[in-house]
Amino acid sequence: MKNLNTPSLHNGVGVRRRRNTLLEILCREMAARGQAADLERMVLRKGQYLYRQGDPIDAVYVVTRGRLQAVTSGADGKEAIAGEYAVGEPVGESQVLAAEQRYASVRAVCASELVKVPKPIFERLAAQSPKVVSHIAVISRRHSRREQLASIQARFFGGALDRVGLRELEAQVRWVHLKRGEILFRQGSADDDLCIVIKGRLLAVFEEEDGSQKIIGEIAPGETVGEMAILTTEPRSATVYALRDSVLARFTKKTVDHFIAKYPQVMTYVSRTVVSRLHKSIRAEPVTRTVTSVAIVPASADVPLTHFASRLTLALSGLVSTLHLSSERLDRLIGIPGIAQTAEDDPYNIRLRAGIDEQEARHRFIVYEADPNVTPWTKRCIRHADQILIVAWAARNARPGKLERTLTDRAATITAPLQSLVLLHPDGSCLPCGSREWLSVRNIQNHHHLRWDTEADFCRLARFLSGRAIGLVLSGGGARGFAHLGVIRALREAGLPIDMLGGTSMGALIAAQAAMGWDDETMLEINRKSFLETNPVRDYTLPTFSIVKSRKLEHLLKLAHGDVQIEDLWLNYFCISSNLSTAETVLHRTGPVWKAIRASIAIPGMLEPVVEGKDLLVDGSILNNLPGDVMRRLCGGLVIAVDVSAQKDFTISVKKFPSPWKVLWSRILPFKERVNVPTILDVLTRSAMLGSLQKTEEASKDANLYLRPPVDRFGLLQLSALDEIAKVGYQYARKRIRDWQRQGPSQAAVQDGLS
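Following our numbering, the numbering of the sequence shown begins with -5 at its first residue and continues without gaps.
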């Protein structure tokens, strides 16, 4: 290795024949700045490595003679060709712009010579010369495409393509670049190309005749789209949008057929993809949008955004690899002050884009901290976000500020980033209030209340964002629902957090109490006063609309929950009722807590229905006694389902029902043998739950943890056994939870970071 001057470089092999190469541009620019003496020549033997995967990045190189090859090593130690470098091409130019370590090894295919430009010199030159940056951008794009094709061949061809095959593949591909919201295929179109997602993410949407849209699924990097066209000639079955800025490799059917004939393993991969997607559609699995990046936007200038982002990043880091990026942090990461504010059309945008791409590839999750005003960096945060978090102090004015309006006041489209609202509270000294004002003026998919002095709340938000939230859904079952009290106690003692609650009938009541933040003793005490001391079920009336009056029950519900709205509960909550007028399930996520519970427990014939507009709402157990499907859709993470309904509720030993007088005397006279038959209230309550038994069965199979406390021996209206039922639920759940946590690697992964 020796220092070279500029004239000798211009006479080097290969440089004279290729005018205006990167090497020539480097020479001219460095000569103009008196840096030509910093260039060095390197000679490599055939098979000798220039650098190894994982080595620190110290320079960029330009090939002057011979040919080099980039290879990557997988976890199994096998090597895969990632690209090649010919005379006049730079080696490692994109990495020196953004990365800290080499992501591939580079070796000489034959005896080769290179010119080495040390990293500090190259960075200074790139910062001073737009011409160098523009030239690098063109070459980097070509290298990137070759590397992307190499990754395709490893997946689709099983690494069977040689150098000639890769060149053939490169000649046949058409590169497609899509911005967020742009359409790749339209439903009903007749084109039959196959596309492979290289970068970004796509969304497949089925468009109904009435104009409504149903999300079918997402297509991630490395997956195909349009594979059905290879097997059939039918029109496109869905419209495919870009969820993020995306790059795709597009091949015609003729090209795919050619490669299938030459490499049969391609057809195997396509067939597996088709079968996998058909299985998902048959199982009707809920489709949730993937979140890998979140942009944090302040609702007002006094939001401590940097501190908030740091705490959220810390919470996320306990679950997945996470990076916190602000404009200042990115400047330091790349090493160029102010580069984060680079505009899209600036030549230096390649350097910024390379830096961000590198970080997104290295981390599962990116937290983008927006600037407090509209800047190029803030706009970039929104473009890169799968979800926007609007962060506000709950006590401030609820109207959106200028920054928020500028960034989020757009027509809602199916590919727009999801929006969530985070309302900050100094502490948990009092329940939130006024959330409806915040939600009514925004297009929000979800909202969260965070106590600034409670780290557990940041962990809860992190679980929601990463798809690891834990939802607890509680069934109806009359007095047996008191077992939910014991289950919640056991979950808390086991360190399993409860991030969202939902339920039906008695489950709706207990879930709301936990969502309000009540501790175990408070929940037990309130329920004792409500059902043992007062017992609203014994408040009989003339059976015109119902057997039991509703005034005492409503008074108790209002006394316990006051004017609290569902939106103002510490934890996200829902409950289910049934609409008698339309025969539909009603999902309660807003409005007074007491009224939602009142509707959910209104057993037909036993309690008066709740009037909502012109409709009548009754007990949710009629249509969905264990709404695990609703929890799965809303929570997006793990579902713990607790079922206290009895499999076999009524058994009697007599051949026919005895007379009412005989039953009455058996219960009044002490010397008479008691006749055990269900009362009218028992029959009405059990009958109301029969319609949703199938839904309960489905929920039990779908739940990550299904709990069924042994409470069948207790009657539906045996309210006096509250403490005993709660104890049974606690003892059963404690053992089942302990066993679940010990179930091995799969469950260990679930538990990671949750406690």
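Where is the CB? At the ideal position from N, CA and C, for every residue including glycine. Values in this document were obtained by computation on a predicted structure and should not be read as measured data.
If you draw a straight line from the Cα of Ser315 to the Cα of Val57, it comes to about 36 Å. Ala337 and Ser575 have their alpha carbons spaced roughly 57 Å apart. Its chain contains Gln559, Ile560 as the residues whose beta carbon lies nearer than 8 Å to that of Gly585, once the 5 sequence neighbours on both sides are disregarded; these appear in chain order. Two segments are said to touch when three or more pairs of C-beta atoms, one from each, lie closer than 8 Å; by this definition the region 155 to 173 touches the region 233 to 250.
Among the bridge pairs identified by DSSP, His301 is matched with none.
Within a 10 Å sphere around the beta-carbon of Val37 sit fewer than 16 other beta-carbons, which makes this residue exposed. Taking the Cβ atoms as the reference, Ala727 lies roughly 6 Å from Leu701, within the contact range of under 8 Å.
A straight-line Cα-Cα distance of about 26 Å links Leu308 and Ala389. For the pair of segments examined, the region 589 to 604 was found not to touch the region 417 to 430: the number of CB pairs separated by less than 8 Å stays below three. Secondary structure of Cys629 (DSSP, three-state): helix. Judged by DSSP in its simplified three-state form, Val285 adopts coil rather than helix or strand. Collapsing the DSSP output to three states places His357 in coil.
Straight across, the Cα-Cα distance linking Gln688 with Ser615 is about 12 Å. Under the rule that a run must span 3 or more residues, the beta strand (DSSP E) segments found entirely inside the region 183 to 224 read 188 to 193, 196 to 201, 207 to 213. Around the beta-carbon of Asp380, 16 or more other beta-carbon atoms lie within 10 Å, marking it buried. Beyond the five residues adjoining it in sequence on each side, Thr66 comes within less than 8 Å, by CB distance, of Gln47, Glu73, Ala74, Ala76, Tyr97, Ala98, Ser99 in the same chain, given in chain order. By the neighbour-count definition (other C-beta atoms within 10 Å, threshold 16), Val467 is a buried residue. In the structure shown, the three-state DSSP call for Cys453 is helix.
According to DSSP, residue pairing for Val54 in a beta bridge involves Val111. Secondary structure at Cys375: helix, using DSSP grouped into helix, strand and coil.
Judged by DSSP in its simplified three-state form, Tyr726 adopts helix.
Within a 10 Å sphere around the beta-carbon of Gln413 sit 16 or more other beta-carbons, which makes this residue buried. Taking the CA atoms as reference points, Arg583 sits about 31 Å from Ser714. Per DSSP, the unbroken beta strand (DSSP E) holding Ile464 starts and ends at 464 to 468.
The distance from the Cβ of Val385 to that of Phe476 is about 39 Å, inconsistent with a contact at the 8 Å cut-off. Across the structure, Glu176 and Arg483 are spaced so that their CA atoms are roughly 49 Å apart. Straight-line spacing of the CA atoms in Gly312 and Ser460 works out to 11 Å. Out of Met625, Ala697, Met500, Arg732, the CA that lies nearest to the CA of Ser639 is found in Met500. Contact between Leu346 and Ala355 does not hold, since their C-beta atoms are separated by about 15 Å, which reaches or exceeds 8 Å.
The residue from Ile408, Thr409, Arg393, Thr407 with its alpha-carbon nearest to that of Leu415 is Arg393. Residue pairing of Gly77 in beta bridges, as defined by DSSP: Ala64. Counting only residues of its own chain and dropping the five nearest sequence neighbours on each side, Gly622 has a CB closer than 6 Å to the CB of Val467, Val633, Ala635, Ala693, Asp696, Ala697. Within its own chain, the residues whose Cβ lies closer than 7 Å to the Cβ of Pro370, once the five positions on either side in sequence are excluded, are Gln335, Thr336, Ala337, listed in chain order.
Boundaries for Trp387: no alpha helix (DSSP H) harbours it, while the beta strand (DSSP E) harbouring it runs 381 to 387, taken from the DSSP string. Distance from the CA atom of Asp49 to the CA atom of Asp351, rounded to whole angstroms, is 19 Å.
Taking C-alpha positions only, Arg457 is separated from Arg283 by approximately 15 Å.
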